[in-house]
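Presented below is the structure to which this report refers.
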Amino acid sequence: MCGRYTLSISVDEVWDEFDLEGDPPEEEPRLAPRFNVAPTHEVAVIAARAPRKLRFFRWGLVPHWAKDPSIGSRMINARAESVADKPSFRNAFARRRCIVLADGFYEWKREEDGTKTPTYLRLRSGRPFGFAGLWESWTSEEGDGPPLRSCTIITVQAEGMVSKIHHRMPVILTPETRALWLDDARDSPSLRDLLRPLDTSLLEAWEVSKLVNSPGNDVPQCIERVER
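Position in the sequence shown (first residue = 1) + 8 = the working numbering.
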């Protein structure tokens, strides 16, 4: 699964990497460096191919038919193998795909003694990237308040060195596949072809402190290497 990640780069780097419309905002608290993004947090996404604007959705997808938005805390990930068919995700897969912006993510490696070691993974280049995601808009039955827009991150079976850390990994889109993922004209079979593990030789990983275990700890020390 993918339960925590980072987006710690500058606003200018976000705009440059994802070719976003308009000028970078001078002040946007939601784009402050993040070192421990957790479920239910507001996260930066791109939800349309054009215009390519930055939006902020809550992490944890709430289907439009849900009675209670609390269901989102259990829907932070969608499995690539069933995303086109599962009722919770199939409409979003067909019509509401998005890219969730990140520059690294965490997984917890289970050790022989049963403990879990937090591990940080990122591109060797250090560049930001985008997870394949889905989004939904939910409104309460009473119709009061603005719509809640939420999202989920799609995961696949882990391969290569990531499989030694965890059995699942998020789908990381390449710069070439980002536009394809957002293309409304693509059909389900061709979309499924995009949901594959990234070549893990492009990734690097290192052990980090258990500081990251608490979502309240959103500090640079979360990604610092632990030397043994």
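Just so you know, even glycine gets a beta-carbon here, dropped at the ideal spot from N, CA and C. Since the model is a prediction, treat every value here as computed from it, not as a measurement.
Quiz item: Among the residues of its own chain, which have a CB less than 7 Å from the CB of V220, if the five just before and after it don't count?
Solution: Once the five neighbours on either side are set aside, the close Cβ partners of V220 are R12, N44, Y114, P126, C230.
Quiz item: Three-state secondary structure (DSSP) at A55?
Solution: coil
Practice problem: Please list the segments of the beta strand (DSSP E) lying wholly inside the stretch 100-142, counting only runs of 3 or more residues, in order along the chain. | Solution: 105-110, 112-118, 124-131
Exercise. Per DSSP, which residues does R194 bridge with? Please list them.
Key: Under the DSSP definition of a beta bridge, R194 lacks any partner.
Quiz prompt | T14, DSSP secondary structure in three states | solution = The answer is strand: DSSP assigns T14 an E or B state.
Quiz item: Roughly how many angstroms lie between the CA atoms of E34 and D121, to the nearest whole one?
Solution: 48 Å
Practice problem: Given a cut-off of 7 Å, decide if V70 and W143 are closer than it, judged by their beta-carbon atoms. | Solution: no
Exercise. Figure out for me which residue from N85, G224, K75, W214 has the closest Cα to the Cα of R236.
Key: W214
Self-check item: Enclosing alpha helix (DSSP H) for A74 [first to last residue]
Solution: Note, A74: premise wrong, no alpha helix (DSSP H); not H, not E.
Self-check item: Presumed contact (8 Å Cβ cut-off) between I84 and W67, rounded CB distance
Solution: 6 Å
Quiz item: Would the beta-carbon of T182 fall within 7 Å of that of L202?
Solution: Cβ distance not < 7 Å, so T182 and L202 don't count as in contact.
Self-check item: Proximity of G153 and T208 at Cβ, strictly below 7 Å
Solution: no
Quiz item: Do you know whose CA, among A187, I162, S81, lies nearest E89's CA?
Solution: I162
Practice problem: May I have the straight-line CA-CA distance separating V234 from P95, to the nearest angstrom? | Solution: 42 Å
Quiz item: Does DSSP put T182 in a helix, in a strand, or in coil?
Solution: coil
Quiz prompt | Rounded straight-line distance, which links the Cα of A140 to that of D24 | solution = 19 Å
Exercise. Tell me whether F64 sits in a helix, a strand or coil according to DSSP, three-state version.
Key: strand
Practice problem: Assign A40 to one of two classes, buried (16 or more other C-beta atoms within 10 Å of its C-beta) or exposed (fewer than that). | Solution: exposed
Quiz prompt | Paired residues, beta bridge with S145 - DSSP | solution = R157
Quiz item: Ends of the beta strand (DSSP E) at E212?
Solution: 211-215
Quiz item: For A269, which beta-bridge partners are listed by DSSP?
Solution: Outside the shown range of the chain (9 to 236) lies residue 269, about which nothing can therefore be said.
Quiz item: Do P223 and A110 come within 7 Å of each other at the CB atom, strictly closer than that value?
Solution: no
Practice problem: Sort A166, R194, C10, K117 by Cα distance to R82 and report the nearest one. | Solution: C10
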